[in-house]
Amino acid sequence: MADTKVEQMSVKVVEDPSLMTGAIPAKDWMDVPAVFKPGNYCYPGKPSIMEYHNKNLPGLFGESREWEIEDDDWKLPENWKEIIINGIKERLDKFRSFKIFMDCCVRCGACADKCHFFLGTGDPKNMPVLRAELLRSVYRGELTKAGKILGRIANGREMTIDVLKEWFMYFYQCTECRRCSVFCPYGIDTAEVTMMGRELLHLVGVNTNWIMEPAANSNRTGNHLGLQPHTFKENAEYLIDDIEEVTGLRLESLNFNRKGAEVLFVIPSADVFADPGIFTFMGYCMLFDHIGLDYTISTYSSEGGNFGLFTSNQLMKKLNGKMFAEAKRLGVKWILGGECGHMWRVIHQYMDTMNGPADFLQVPTSPITGTRFDNAASTKMVHISEFTADLIHHGKLNLDPSRNDHRVVTFHDSCNPARAMGLLDEPRYVLNNVCNNFHDMPENTIREQTFCCGSGTGLNTGEIMDLRMMGGLPRANAVKYVREKHGVNTLACVCAIDRATLLALMEYWNPDVEVCGVSELVGNALIMEGEKEKDQGLRFEELAVKEGDTDV
Amino acid sequence: MKTIVYGEMKITTDDDGFLENIEDWNEKVACALAESEGVEELTADKIDILKFMRDYYKKYNFFPILRAVCKNAHQPGNCMTEKFIDPVQAWKIAGLPNPGDEVQMFRSWEPLGF
Numbered sequence: 038m039a040d041t042k043v044e045q046m047s048v049k050v051v052e053d054p055s056l057m058t059g060a061i062p063a064k065d066w067m068d069v070p071a072v073f074k075p076g077n078y079c080y081p082g083k084p085s086i087m088e089y090h091n092k093n094l095p096g097l098f099g100e101s102r103e104w105e106i107e108d109d110d111w112k113l114p115e116n117w118k119e120i121i122i123n124g125i126k127e128r129l130d131k132f133r134s135f136k137i138f139m140d141c142c143v144r145c146g147a148c149a150d151k152c153h154f155f156l157g158t159g160d161p162k163n164m165p166v167l168r169a170e171l172l173r174s175v176y177r178g179e180l181t182k183a184g185k186i187l188g189r190i191a192n193g194r195e196m197t198i199d200v201l202k203e204w205f206m207y208f209y210q211c212t213e214c215r216r217c218s219v220f221c222p223y224g225i226d227t228a229e230v231t232m233m234g235r236e237l238l239h240l241v242g243v244n245t246n247w248i249m250e251p252a253a254n255s256n257r258t259g260n261h262l263g264l265q266p267h268t269f270k271e272n273a274e275y276l277i278d279d280i281e282e283v284t285g286l287r288l289e290s291l292n293f294n295r296k297g298a299e300v301l302f303v304i305p306s307a308d309v310f311a312d313p314g315i316f317t318f319m320g321y322c323m324l325f326d327h328i329g330l331d332y333t334i335s336t337y338s339s340e341g342g343n344f345g346l347f348t349s350n351q352l353m354k355k356l357n358g359k360m361f362a363e364a365k366r367l368g369v370k371w372i373l374g375g376e377c378g379h380m381w382r383v384i385h386q387y388m389d390t391m392n393g394p395a396d397f398l399q400v401p402t403s404p405i406t407g408t409r410f411d412n413a414a415s416t417k418m419v420h421i422s423e424f425t426a427d428l429i430h431h432g433k434l435n436l437d438p439s440r441n442d443h444r445v446v447t448f449h450d451s452c453n454p455a456r457a458m459g460l461l462d463e464p465r466y467v468l469n470n471v472c473n474n475f476h477d478m479p480e481n482t483i484r485e486q487t488f489c490c491g492s493g494t495g496l497n498t499g500e501i502m503d504l505r506m507m508g509g510l511p512r513a514n515a516v517k518y519v520r521e522k523h524g525v526n527t528l529a530c531v532c533a534i535d536r537a538t539l540l541a542l543m544e545y546w547n548p549d550v551e552v553c554g555v556s557e558l559v560g561n562a563l564i565m566e567g568e569k570e571k572d573q574g575l576r577f578e579e580l581a582v583k584e585g586d587t588d589v
Numbered sequence: 003m004k005t006i007v008y009g010e011m012k013i014t015t016d017d018d019g020f021l022e023n024i025e026d027w028n029e030k031v032a033c034a035l036a037e038s039e040g041v042e043e044l045t046a047d048k049i050d051i052l053k054f055m056r057d058y059y060k061k062y063n064f065f066p067i068l069r070a071v072c073k074n075a076h077q078p079g080n081c082m083t084e085k086f087i088d089p090v091q092a093w094k095i096a097g098l099p100n101p102g103d104e105v106q107m108f109r110s111w112e113p114l115g116f
């Protein structure tokens, strides 16, 4: 758990002098160096992991080596500065968006107080405008005429070791959630600035293990956890045993790597490993059985998540390529995706040009309702919430929402499904049909304005727990509001990272609120043909006593 | 690399306290590892949990789903946290190798403290 007790943390956020609490910085931001101390940085990549990446994608990740963030010497290559400057030039040519984002900010400040990390830490360099300025200032100072001549007068500066260290600190205090972008009058996507910053750091071997190890696992075994095919299958089948215990039914439909299935289903791998993701997985399986979907799960493409998004474009492309490759090999018609967050940013915004066109697939059509998902015409991938909402809309599910009466539910719009693919109404429609008690959080904290869990983009590592709890405070605060107003005890979401990080965040700020996936609540509410009388939910929890029932 | 001394026995672990060679494990080694972790007496039901974890690991190279551990060891669903506080500690006492960062992060028991 976090080092700082929750009471101290609350006082610290509200009272410690910071830009958030009205204190005025004594120095110009360029004169304040980043200071690393335990708890404010993620550990660097292990040499063995980095060697592995260098073998697979040479030239992207610098030299593998033992190094410590708190040491003065980061053991960078001698020509590190040249590598960074050339890296910037190359990316300005390659990515039009990066060039625009470097040139067009007018520093109006609309984004300044929209970042959860700024709200939680009060650190001025966590204002999205200033975070991007860390890189822009180098672009100006090293690559524009005005900056080269006028230096700081033109808001330019030279690339130095201190600047590099500052990048590392603040590009790893951004979760690429893109809440700031919603408010930017120019539509600057600050997440893409962070992505470029991290890519540049990678070129000189500056990285974090918590991102690089899962990315290596994903490349090697197909998923972040490093589950081998037989383990993935064993875990999934164990969950079928648990469904049997709850419903009295043995589901026979779960299968793997089956050629000729109509639909390939891709999930985040944590859904077959950890609470509460495993309950979400049980929900998926029950739904598919209920409607008789002709689907299969791949043990090769066994991860929806893609830590390449937090690393570099080439790695993202490589990891994501598995979905289309497997869909082609198995001969499916289209792909259904589970409750994963950043997976949907990669799919919705990069996949078509990166890995497509997927002309061997068809525009997804629900075999149960006949609905054609034209919104997924290019990627051929449909989100489980869209799919479920459509089934409910057509009356194809037999549901008893009172089976979720022990829950008073609110919904956390996971950043990427909400802001990167516009999945705002479908999960709410599903929730309103599978439970009787649903209450949204305040409007400036949900939908496209949703607050991040505070630990996305590979920041959900234990060594920065305090930082995570501060970054997640705005989200936790909104949950607290509905907990006090409506008695909310369940926070539903559609993201595996959320299902891991919100647990810690709730335990810290709102200890009596549980976290679940939307599909878990669907599974609980489904009336399955031939089921036994249900007295417990998927996590073996007791159901609410129905009105009229007597407690004898 | 660290060495744990337990009676006349010397046990080699990595820096985080995970047994260097998983084949060097027996119930006595488990007692030594438990002592260094501050876990009181290894009762028969705790040993059953450790044995299941070892069997699972040998087949699947991985940490089992927590609920599956308790079900297979014929114990209540919260047996891991109740008997070992932290399941990674149980993994360690079972003589299994360092599970790595990602597993640590998706531990459902994360809120219980580390």
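As you go down the protein sequences, you meet chains A and B in turn.
If you count by the working numbering, then the first sequence holds residues 38 to 589, one letter each, in order.
If you count by the working numbering, then the second sequence holds residues 3 to 116, one letter each, in order.
By construction, the Cβ of each residue, glycine as well, lies at the ideal position given by its N, Cα and C atoms.
Quantities reported herein were computed from a predicted structural model and do not represent experimental measurements.
Bounds of any alpha helix (DSSP H) do not take in residue 13 of chain B; it lies within the beta strand (DSSP E) bounded by 11 to 15.
For residue 120 of chain A, the secondary structure class from DSSP, reduced to helix, strand or coil, is helix. Residues of the stretch 255 to 275 of chain A whose Cβ lies closer than 8 Å to any Cβ of chain B, in chain order: 261, 262, 263, 264, 265, 267, 268, 271, 272, 275. For residue 87 of chain A, the enclosing alpha helix (DSSP H) covers residues 84 to 93. Closest option to residue 525 of chain A, judged by alpha-carbon separation, among A:447, A:136, A:290, A:65: A:447. For residue 86 of chain B, none of the residues of chain A pass the 7 Å Cβ criterion, the least Cβ distance being about 16 Å.
Within chain A, no residue has its CB atom less than 9 Å from the CB of residue 98 of chain B, the nearest being about 14 Å off. Leaving aside the five residues that flank residue 455 of chain A on each side, the residues in its chain whose CB is nearer than 7 Å to its CB run, in chain order, 461, 484, 485, 487.
For residue 315 of chain A, the neighbours in chain B by C-beta distance under 7 Å run, in chain order, 67. In this structure, residue 323 of chain A keeps its C-beta atom at 8 Å or more from the C-beta atom of residue 374 of chain A. Distance from the Cα of residue 335 of chain A is smallest, within the candidate group A:227, A:267, A:112, A:553, for A:267.
Segment contact: the stretch 458 to 476 of chain A against the stretch 221 to 237 of chain A, fewer than three CB-CB distances shorter than 8 Å; contact not assigned. In this structure, residue 231 of chain A lies away from residue 217 of chain A, with their beta-carbon atoms at least 8 Å apart. In the displayed model, residue 152 of chain A falls within coil according to three-state DSSP, outside both helix and strand. Per the C-alpha coordinates, the member of A:126, A:541, A:442, A:396 positioned closest to residue 578 of chain A is A:442. Distance from the Cα of residue 306 of chain A is smallest, within the candidate group A:350, A:254, A:433, for A:254. Residues of the stretch 111 to 137 of chain A that bring their beta carbon within less than 7 Å of a beta carbon in chain B are absent altogether.
Pairing residue 489 of chain A with residue 481 of chain A, the inter-Cα distance amounts to about 12 Å. Segment contact: the stretch 534 to 546 of chain A against the stretch 503 to 519 of chain A, three or more CB-CB distances shorter than 8 Å; contact assigned. Looking from the CA of residue 554 of chain A, the closest CA among A:445, A:308, A:146 belongs to A:308.
Within the same chain, Cβ atoms closer than 7 Å to the Cβ of residue 495 of chain A are found at 245, 247, 248, 344, 347, the five residues on either side in sequence being excluded. The three-state reading of DSSP puts residue 527 of chain A in strand, counting E and B together. Residue pairing from DSSP leaves residue 286 of chain A without any beta-bridge partner. Under the three-state reduction of DSSP, residue 553 of chain A is assigned to strand. Any Cβ of chain A closer than 8 Å to the Cβ of residue 54 of chain B would place that residue at the interface, and such an atom is absent. Distance from residue 387 of chain A to residue 360 of chain A at the Cβ level is roughly 12 Å; contact not present, criterion being Cβ atoms closer than 8 Å. Taking a C-beta distance under 8 Å as the contact criterion, residue 292 of chain A and residue 258 of chain A do not qualify as a contact pair.
For residue 231 of chain A, the secondary structure class from DSSP, reduced to helix, strand or coil, is helix. By the Cβ criterion, the stretch 136 to 153 of chain A is not in contact with the stretch 39 to 46 of chain A, since fewer than three pairs of Cβ atoms, one from each stretch, lie closer than 8 Å. Spatial neighbours of residue 438 of chain A in its own chain (CB-CB distance under 6 Å, excluding positions within 5 residues in sequence) are listed in chain order as 471, 472, 473, 562.
Contact between the stretch 362 to 382 of chain A and the stretch 265 to 281 of chain A is absent: fewer than 3 CB-CB pairs across the two stretches fall below 8 Å.
Residue state for residue 579 of chain A is assigned as strand, using DSSP reduced to three classes. For the C-beta of residue 63 of chain B, the chain A residues within less than 7 Å are, from N- to C-terminus, 265, 268. The beta carbon of residue 92 of chain B sits no closer than 8 Å to any beta carbon of chain A.
Per DSSP, residue 57 of chain A has no beta bridge partner at all.
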